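Take 1 as the starting number for the sequence shown in UniProt numbering and just add one per residue.
Reviewing the structure listed below.
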Amino acid sequence: MIFGSRKRKYQHSFHDDEELHDIAVRPRAWNSNIREDAVATLRLARNTFSQGLIPAAKDVVSTLDVHDPLSRFILNGLVGKLWGSMPHGAPSYRGSKYQYRAADGSNNNVFQPELGAAGTPYTKTVPGARSAHGAMPDAGDVFDLLMARDGEGIESSTGLSSMVLCHAALITHDFCNTDEVDPNINANSSYLDLAPLYGSCEADQMEVRLGRLGLLKPDTFSDTRLLRHPPGVCIYLILYNRFHNYAAQQILEINEKGRFSLPEDYAQLPTDKQAAAEKKLDYDLFNTARLITCGLYIQIAIHDYVRCLKLVHSKDTAFTLDPRDAFAEPNNDQRGVGNAVSVEFNCLYRFHSPLSNREARWTENSFVQALQDHDMVAKDDAEEANNRRKFTREAIVNGEIPLPAFRRMTEHTKTTSRKSRKDLPHFPAGLDPVGGWSERDPENPHQSLDGPNTFRFTRGVDGKFDDAQLAAELIRIMEDPICQFGAQNVPRVFRSVEVLGILRARQWEVATLNEFREFFGMSRHTHFEDINSDPEIQQRLRDLYEDPDLVELLPGLFCEGEGRNMDPDASLPGNETIALWRAILSDAVSIVRSDRFYTTDWSIASLTAWGMAEVKSNPKINKGSVIHRLFQRSLPGYFSYNSLHLWQPFYTPTRNAQLAQEQGYLNLLDLSGLEDENGTEWEIQLRNGKVLTDFKSECKGSKGRKVRRRLDVELPDVWLNKDWEMQYNKAAKVGVGQHDYPWRGAERAHTTGRPVEVDDFELIRDGILAQGSIASFDNPSVLSSDDIHGTVLGAIMEKDWDKWDEASAIISGALGPDWEQSFIGYFVDLSQEIRLREQRSFQRFTKLGQVLQLDVVADYAIPVVVRFIADFLGFWSEIKTPHFLDRAFSEDQIYRLLENCQNYESHDEDPAKSWERRMAYRDSIKTLMSLADQGIKSYKPYLYEQGIFGFGTRSYGCEGDIEQVRRVRKIAVAIVRALSESSFSHEEIVAVMLSTALEATQKVVATFTETLAYFLNPQHKPMDCDDIPDTNTTRAELWGQIQTLAGEDAHEMFDGRLQFRNNLDVDNKILGYILEAQRFNPYMKIPYIYNPMIETDQLAPPSKLEASRGTTILLDMFTAYKNLPQDYAPFTRSHDFIHIRDRASYLLYRGTDSGKLSFAQRLPLIAITGMVKHAAHLKHLRVAHETAGRLKRVRNPEGQWRYATKQWDRLVAAPRTWNLRFDGSGKVSGR
């Protein structure tokens, strides 16, 4: 045996032919090269930390034999990682067919285009294996015994408002629309694509689209089914319509990457091609705006709806279950694969039990009215007995309508709605017919008449509904608590609806409740006591089904819980999970994660950078909530940014107040205009900005006070009472304090404070900026005292510090006689240093020399302003420089702090972003106060300024600091010393210096940028119209004149730098050009805030301007000068560019009674002059190529000009970027 084995081995070795073997497969044992493998493993571990896994793996494998098992192991892992880093199967493709949502939802999964499309069958998730009763219990008995509500519903203890049901109704009608002919077909898509707004096919879409610029018809939607819901659902959907139009207008204004542009040769195209181009533009705008609007919709579902249903809002956390994240799991690619709605989930979303008592009464009245319109309402029991087609109001409310009569009523309503949608210019014609019968025949109150007052909510001449009415109804919905989810909670008027649902579920042969629970990994109910803790409900279940395994899904889902309570905070006996909430959570994850447009295609390529930023959740703002943006964008002016109601609209304001107090947010919320359910005004007690009123105790329990918002009431002359009787001229007898009207739309919401624009020259001169009234108007940069109550800085901002005039006089005295020349030298030299540091080299031209490019905003103006603030306040040692990169703050970080403080009050017309600005201001002002505190401490004078015997002399700087910088720091030290010697405390000195710096730098960056743009930017239109010229010479010639002046004031040194003489006469001449350029600038409005020193609500004459304390006044100086007659005596030749005008003739720079400007008023002019003077030495200064050279301005919906950020994702009040090119620097001769 051994011999034979050796013989075979010998024969194999002797006769072996290498060419016959597969050389690629030669496995070796792991112990064949232990030493080399160990060294390679250590090298792999070491290099992974320094190089990363993939480079390290390639480096190590290259040193091993190709047959080494370690080599094969590393290669397998490397291939797996590289393979797993890319999606396989291409979840999406480019092109409009896949770039946008299809009208019917198709192409969501590109490999199964029809998956989840409208018109495809429902799926069945849970296979039913258990045999049901051969004779099922009567569906009407099931409703009466298990589901029907007797009397008033029980208010939920969760604090959820009826607004959460509006969103739930929208979701339900979004992906469930059972076909009327074939109930197995879902007429809507299986995705959350806002089908109730946009429709589910191309024909539906074209009915709601305006047909131009991507817009929808105003306040129009597609789904007629929602008209049978309380009006809040339709109003909530209208908000999405308005948001869509807002988004379409904004992305067209921004026009990211030129994607929403007509062809350049559009004007020369034939008419048919022009029409095609316009149609393409409308198509792209509409579909992109739809993606953005659906993006906001899904963000609200994730960050508001799901959070509230899981009661996460009751905790101070931004946590939510976001199913879109790409988790590092083996099934990571299971995103965006498509979805198909199942019949089980059609049964889930029947949220009739939590319908509030207020909404239940409306539904009862709507059923009565619908039957009345069909002449099916009997006056009394006798008429009902004699006519089987008629029913008394009591019978209708109790749900005692035969199913054939109910079907006849709903079918007629559907037919009428379909016809109306095609015939009306805007659908629907109106909202809420309940109680809107003011045009009914007085002789026959039950006879309907056509007319505009048939509805409680009617359209205006612009096709839109009244904002005040819509806002008032939404406010009342937020204040309306839902009733409990659960058994015996469904209003009886829904009897026919629920019976049809039970019958439909049986037709679909859905699984039983236990099978459904088992499918989701929950325990089965073995006893009826496991389903519900109430013995009565247990017995009724036993009477109907005999065994827990036979309980049907639809009634069973809503019978679980603690008696009649199945709210999200309830549980089953034994602390088991309620099936409804477990299934809804699974459905939310599935329907969102499976949608390609919410996962793999959730990108700026689809939504644009602005669209993505607009819908993105910020966990630091409102705990991640985003729904407030929908209300504030769609109903501007009706909800303050910190509205108690909008803190979380899915909760009642009563519960919001309690939770805000528990979590420490109450002092940040707007508590004005609140009353309780009896109309009694809330008296809010405050101390140092903190709310002392105890909402937790006053609102606690069912008998506690309820928080409401005070609204205006317009009582109609003709209306229906609770007994459905027509009332005439009796509206005044209604108990207004009870707020229990049998109609909607009688209330109107108040608007919040809006900026007031003033463009009247004489009103500005004699009312706002006149000496004596200037004390009533404050520069916003020093007015925002929020969150710093009780400090000296806060007192200065509130004009409640009596030492301000003394401090200002001390500052003026400490500046010295030549301070202006010192500061102009500072800004000119600093501008040069920063320009040399930041300029970038581009291509070289033979004649022109080196081409350079500079971002004159981000890399020039902003660093200059930041350096001044740091030098003036003494924290310059905290700012990074090329010599000190390890310092704490960059220039950009400090500028963001300044911008947050200066723009919080003055540019607050966008309430959707105001909370974010408020939080940014709160953090920024405290950071600046801390930095100023440190800086002023470093500026505390030595015992002797010049030291002792030449030792200890203050240097005022360090490596890299130029002489002019040290000189300004020395002036700042002199100011600190003067204040200190006048017995000002350290806190007072810090407050004075910081307040002065904030005021002095307000608008410097924007004014400098727009000044340059006036002279250099060919897209700048000075007068914004052609009939009034701005000057007798071109702007290029004017810029040449500035260059000539600047050239007279400097000479070039041997190292190429410029040395400036800083002749004040030359500087004042340059300033004249700057002041005129400002006057001809249409893009900037000067903000002031009305803040009278005396307690009054209105401005005193002669201003004749109505404004309350805190109102922002926007001075439109451009229009004010433009509207002046050319020969207006106080300002002659007002339409001409006259650069030699007296500085005091300009309204903004007239100074005090003595004609002198204060230090804070004069300093920004010096700063801008210095920066412009240095820029005038840049040869052939011009805008850069393409979009980099564009100063991107965008007009917002309020009509104000804003600037796009570098990424074009947000609009801000001051420029952030503008690139210019030049051919080196030096003396430039004028053109």
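C-beta: ideal position from N, C-alpha, C; glycine also.
All values derive from a computational prediction rather than experimental measurement.
Apart from the 5 residues on each side of it in sequence, residue 689 sits with its Cβ closer than 7 Å to the Cβ of 667 and 789 in its chain, given in chain order. Between residue 96 and residue 255, the CB-CB gap reaches or exceeds 9 Å.
The criterion of a C-beta distance shorter than 9 Å is satisfied by residue 617 and residue 302. Rounded to the nearest whole angstrom, the C-alpha separation of residue 1145 and residue 1009 is 23 Å.
In the DSSP assignment, residue 1223 falls outside any alpha helix (DSSP H) and carries neither an H nor an E. When DSSP states are grouped into helix, strand and coil, residue 643 belongs to the strand group.
Counting other Cβ atoms within 10 Å of its Cβ, residue 250 reaches 16 or more and is therefore classed as buried. Here residue 126 carries a coil assignment [DSSP, helix/strand/coil].
The continuous beta strand (DSSP E) containing residue 1060 extends over residues 1058 to 1060.
Boundaries of the alpha helix (DSSP H) harbouring residue 966: 963 to 981, taken from the DSSP string. Around the CB of residue 958, fewer than 16 other CB atoms lie within 10 Å, so the residue is classed as exposed.
If you look at residue 233, you'll find it in the alpha helix (DSSP H) that goes 231 to 254.
With a beta-carbon spacing of about 14 Å, residue 244 and residue 212 fall beyond the 8 Å limit used to define contacts. Residue 159 sits close to residue 658, with the two beta carbons spaced by under 9 Å.
Counting only unbroken stretches of 4 or more residues, the alpha helix (DSSP H) elements lying wholly within the region 587 to 615 are 604 to 615, in sequence order. Taken in chain order, the complete alpha helix (DSSP H) segments of 4 or more residues contained in the region 496 to 534 are 513 to 519 and 528 to 531. Judged by DSSP in its simplified three-state form, residue 866 adopts helix. In this structure, DSSP gives residue 858 a helical state, which the three-state scheme calls helix.
For residue 400, no alpha helix (DSSP H) run applies, since DSSP gives it neither H nor E. DSSP, reduced to helix, strand and coil, places residue 552 within a strand of the structure shown. Taking all protein chains shown into account, residue 386 has fewer than 16 neighbouring C-beta atoms within 10 Å of its C-beta and is therefore exposed.
Here the C-alpha atom of residue 1083 lies approximately 15 Å from the C-alpha atom of residue 758. Non-local C-beta neighbours of residue 196 in its own chain, meaning closer than 7 Å and more than five positions away in sequence, comprise 170, 173, 174, 221, 222, 223, 226 and 237, ordered along the chain. For residue 344, the number of other beta carbons within 10 angstroms of its own is at least 16, and it is reported as buried. DSSP places residue 1007 in the uninterrupted alpha helix (DSSP H) bounded by 1004 to 1016.
Counted as a single uninterrupted DSSP element, the stretch harbouring residue 262 is not any alpha helix (DSSP H), since DSSP gives it neither H nor E. When the five nearest sequence neighbours on each side are left out, the beta carbons in the same chain lying within less than 7 Å of the beta carbon of residue 116 are those of 105, 108, 189, 190, 191, 338, 339 and 340, in order along the chain. In the three-state reduction of the DSSP assignment, residue 1192 falls in the coil class. Sorting 924, 1002 and 982 by C-alpha distance to the C-alpha of residue 814 places 982 at the top. If you keep only unbroken alpha helix (DSSP H) runs of at least 4 residues inside the region 333 to 376, you get 343 to 348 and 357 to 372.
In this structure, residue 664 places its C-beta atom within 9 Å of the C-beta atom of residue 316. Contact between the region 568 to 579 and the region 530 to 537 is present: 3 or more CB-CB pairs across the two stretches fall below 8 Å. Across the structure, residue 600 and residue 679 are spaced so that their CA atoms are roughly 51 Å apart. Around the Cβ of residue 268, a 10 Å sphere holds fewer than 16 other Cβ atoms; the residue is exposed. Selection 1050, 791 and 1209 evaluated against residue 992 yields 791 as nearest (Cα-Cα). Fewer than three pairs of CB atoms, one per stretch, sit closer than 8 Å, so the region 1210 to 1228 makes no contact with the region 276 to 287.
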